[in-house]
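Numbering follows numbering that gives the first Met the number 0, in which position 357 of the sequence shown is assigned residue number 356; successive positions increment by one, without gaps.
For each residue, glycine too, the CB sits at the ideal point set by N, CA and C.
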Amino acid sequence: MPETQADFESPREWLLHRMRHSCAHVMAQAVRDLFPGASLGTGPALKDSFYYDIRTEPPINEADLPRIEERMREIISSGSDFVQHDLSRTEAEKLFEEQGQEFKLGLIKKIDENTYSTYSHDAGGFIDLCRGPHVDNTRSLRFFKLMSVSSAYWQADPKNPQLSRVYGTVWDTPKALKLHLRRLEEARKRDHRKLGKEMGLFTFFPFAPGSPVMLPRGMVIYRQLGEKIRELVLGNGYLEVRGPILCHQSLWEQSGHWQAYKEHMFLLGEDHDEEDEGDGPGRYSLKPMNCPVHMNIFGMERRSYRELPLRFHDEGPLHRNELKGALGGITRTRSFCQDDTHHFVREQQIGEEIQRILSFVDRVYSTFDMKVSLELSTRPEKALGDPALWERAEAALQQELEASGKRWKLNPGDGAFYGPKIDFHVEDALGRTWQLATCQLDFVLPERFDLTYQDENDQAARPVVIHVAMYGSFERFLAVLIEHTGGAFPFWLHPEQVAVVSVSQDWNDYGEEVTAALRRVGIRAVFDGSADKVNAKIARATKELRVPAVAVVGGREAEERAISLRLRGEGRKGSRALEDFVAWCVEQNDVHY
0 MPETQADFES
10 PREWLLHRMR
20 HSCAHVMAQA
30 VRDLFPGASL
40 GTGPALKDSF
50 YYDIRTEPPI
60 NEADLPRIEE
70 RMREIISSGS
80 DFVQHDLSRT
90 EAEKLFEEQG
100 QEFKLGLIKK
110 IDENTYSTYS
120 HDAGGFIDLC
130 RGPHVDNTRS
140 LRFFKLMSVS
150 SAYWQADPKN
160 PQLSRVYGTV
170 WDTPKALKLH
180 LRRLEEARKR
190 DHRKLGKEMG
200 LFTFFPFAPG
210 SPVMLPRGMV
220 IYRQLGEKIR
230 ELVLGNGYLE
240 VRGPILCHQS
250 LWEQSGHWQA
260 YKEHMFLLGE
270 DHDEEDEGDG
280 PGRYSLKPMN
290 CPVHMNIFGM
300 ERRSYRELPL
310 RFHDEGPLHR
320 NELKGALGGI
330 TRTRSFCQDD
340 THHFVREQQI
350 GEEIQRILSF
360 VDRVYSTFDM
370 KVSLELSTRP
380 EKALGDPALW
390 ERAEAALQQE
400 LEASGKRWKL
410 NPGDGAFYGP
420 KIDFHVEDAL
430 GRTWQLATCQ
440 LDFVLPERFD
450 LTYQDENDQA
460 ARPVVIHVAM
470 YGSFERFLAV
480 LIEHTGGAFP
490 FWLHPEQVAV
500 VSVSQDWNDY
510 GEEVTAALRR
520 VGIRAVFDGS
530 ADKVNAKIAR
540 ATKELRVPAV
550 AVVGGREAEE
560 RAISLRLRGE
570 GRKGSRALED
580 FVAWCVEQND
590 VHY
């Protein structure tokens, strides 16, 4: 069904959505006019933009965008109305067959409906398969800009043809468009791939595509994030575990991953028959998720209701066979680690446990001044398990969301294959949202693994499992943090917390002493005692390394046992006694979720 105004938070958001949907059609017409024989795929509206997948010969590239824009302006200035037509299957097939639109014909065959909606403008000169919604007239689309071109497989299937995906944006006023373009420029400056390289945080090698290599500075941040999340969960009764990376096919068949997730798994070699291990014939795969292993850990011994909730925490490496086109820096990778927890609870404990999880997520993201919005994702098409179990799980999550008093919205059909979930969308400093944390309620895997505990009457009862990752993956969370902070991480997280800089090499001994005093109390301090001018050394620390605090030392500071302090973004803060400065650094470093 097409969206309605009720699906949007404000009349303006509803208008912008219709504008983006309509502008995608105008762009498709312009491309078809300029590239005879162009075959149109689909062109959805996104949060701040739109795109259209189109096959042309030769493929569209960035140099083609200005002339596509020029043709779009001509179409928009014609003032054509958008008009809806309902066609029968036969009429729709005939129309798009006459146009030579093979992808549209494929969509019609795939959609089992009696009538098909088409929209036309340019007095019927351009007709596209679409349910809408659209604006009334092309003149509403004057403030637009084409942004970029990438490639995409038709319907995300690498067996299908590769199309050009042309991105654009459109706004209701020239000021809004200008503001958006300015935000995009700032986003380019903050791009984690760019900053990750400049700051020496991570890299990729061609022999391991999609698998990031954390460099020493990046590893400091990675470890700090891990320490903080472990401090939170282990301090609240979680038990840390670690499972194997390589697991036999039989495990994934029991969990349902083999049936529902196999195409995203790295399978090793041919069938094996390991008679000595008793695992039977079959293949091995790299572990894409921890949950099946955690089910086995729970089930390895007799459990009592007194042990529940029982919470396992695992940061072991995971591997997923993501398509090459889906990879993007470290936001989506083939190898990664999660702060993965599984909560085994009694059904009557679900409410209290969900509220605890919501509280923990708040504590994590408020530390980084990030706003969080919530989404309830429900049963997908390829779901496993009894529908009645799904209904119970969805109702339980909805009840806890309402009890939390937080704003949330429904996201139908986007749950995991084994259970509904709460997705946490995090807003960064540029107003963009990222899906990071997740909380999934699962009645299915405990059934598939036949998990039980002994209740108060010493009767076997079935636990419920809650899957939680507060960061999501460490890699994706780090990417968002880089872009949120522009590489200027908070004091407690930055790879180098203090740069000690000598005015001249005459004062290097005191500079070394200051550095050692900071390191003794756990502060990551670096010393620059080079022969470079002091301003060059300060610039290197603040601009290249983005160090939060710079301690300048010279003759006066050595005599007074002090430092001259500069703070990132604030400039000079004057002289501080060394003892006081060390205490201040310890205080800044004392951060807990």
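Got a sec, what are the start and stop residues for the beta strand (DSSP E) residue i sits in?
i, result
"Lys103", "Run containing Lys103: none in the beta strand (DSSP E); it sits in the alpha helix (DSSP H), 101-109."
"Thr168", "161-170"
"Val581", "Where Val581 is concerned, there is no enclosing beta strand (DSSP E), although the alpha helix (DSSP H) it sits in stretches over 577-588."
"Ser149", "142-152"
"Leu373", "370-376"
"Lys408", "407-410"
"Cys290", "Careful: Cys290 lies outside any beta strand (DSSP E), inside the alpha helix (DSSP H) at 290-298."
"Ser563", "561-566"
"His247", "245-247"
"Ala524", "524-527"
Look at the Cβ atom of residue i, then the Cβ atom of residue j, and state whether they are nearer than 8 angstroms.
i, j, result
"Ser563", "Val551", "yes"
"Arg310", "Tyr417", "no"
"Asp135", "Asp85", "no"
"Val479", "Ile537", "no"
"Ile244", "Pro157", "no"
"Pro291", "Val344", "no"
"Arg567", "Val590", "no"
"Lys6", "Thr168", "It is Asp, not Lys, that sits at residue 6 in the sequence shown. No; because the gap between Cβ atoms is not below 8 angstroms, this pair is not in contact."
"Thr89", "Ser210", "no"
"Gly217", "Ser249", "no"
"Ala576", "Arg560", "yes"
"Ala468", "Thr437", "yes"
"Gly412", "Glu374", "no"
"Leu15", "Asp127", "no"
"Leu140", "Cys22", "yes"
Which residues in the same chain have their Cβ closer than 6 angstroms to the Cβ of residue i, if we skip the five residues on either side of it in sequence?
i, result
"Arg523", "Glu495, Gln496"
"Asp275", "Confidence at Asp275 is low in this model, with a pLDDT of 44, below 50, so the placement of that residue is unreliable and no value is reported for it."
"Leu257", "Per the sequence shown, residue 257 should be read as Trp rather than Leu. Cβ within range, chain order: Trp251."
"Tyr470", "Asp338, Phe476"
"Ser163", "Ile53, Pro58, Ile59, Val148"
"Trp389", "Arg378"
"Gly486", "Leu194, Met198, Arg545"
"Gly350", "Glu399"
"Glu239", "His312"
"Ala498", "Val525, Ala540, Val546, Val549"
"Ala392", "Gly418, Pro419, Leu440, Phe442"
"Cys246", "Lys286"
"Ala557", "Trp506, Tyr509"
Give me whichever residues DSSP pairs with residue i in a beta bridge.
i, result
"Val443", "For Val443, which the question treats as bridged, DSSP gives no partner whatsoever."
"Ser303", "Gln453"
"Pro316", "Cys336"
"Asn136", "Asp80"
"Phe343", "Leu309, Val464"
"Cys438", "Ile421, Val467"
"Trp433", "Val425"
"Arg54", "Ser38"
"Leu238", "Phe311"
Let's see if you can read the secondary structure: which residues bound the alpha helix (DSSP H) around residue i?
i, result
"Val533", "533-538"
"Gln223", "215-233"
"Ala325", "First-last for Ala325: undefined, no H or E at that position."
"Phe473", "473-484"
"Ser365", "349-365"
"Ala516", "507-519"
"Ser501", "Taken as a continuous stretch (DSSP letters only), Ser501 belongs to no alpha helix (DSSP H), being part of the beta strand (DSSP E) at 497-501."
"Ala29", "10-33"
"Tyr178", "According to the sequence as given, residue 178 is Leu; it is not Tyr. Here the alpha helix (DSSP H) through Leu178 covers 173-189."
Skipping 5 residues on each side, what residues in its chain have a beta carbon closer than 8 angstroms to that of residue i?
i, result
"Glu96", "Leu104"
"Arg138", "Ile75, Ser76, Gly78"
"Asp579", "none"
"Glu185", "Leu429"
"His263", "Pro287, Arg319, Asn320, Glu321"
"Gly521", "Val585, Asn588"
"Met369", "Val425, Glu426, Asp427, His483"
Tell me which same chain residues have a C-beta within less than 7 angstroms of the C-beta of residue i, skipping the five on either side of it?
i, result
"Gly277", "Model confidence at Gly277 stands at a pLDDT of 48, short of 50, so the residue's coordinates are unreliable; what they give is reported in the following sentence. Once the five neighbours on either side are set aside, Gly277 has no close Cβ partner at all."
"Pro445", "Arg461, Pro462, Val463, Val464"
"Phe201", "Gly195, Pro211, Val212, Met213, Leu214, Gly217, Ile329"
"Val360", "Val371, Phe423, Ala436, Met469"
Any Cβ of chain B within less than 8 angstroms of the Cβ of residue i?
i, result
"Trp251", "Absence of chain B from the displayed structure is noted, only one protein chain being present."
Could you say if the region 423-434 and the region 445-454 meet the contact criterion of at least three C-beta pairs nearer than 8 angstroms? no
With three or more C-beta pairs closer than 8 angstroms as the rule, is the region 481-494 touching the region 185-195? yes
For the structure I just gave you, are there three or more beta carbon pairs, one from the region 222-237 and one from the region 294-305, closer than 8 angstroms? no
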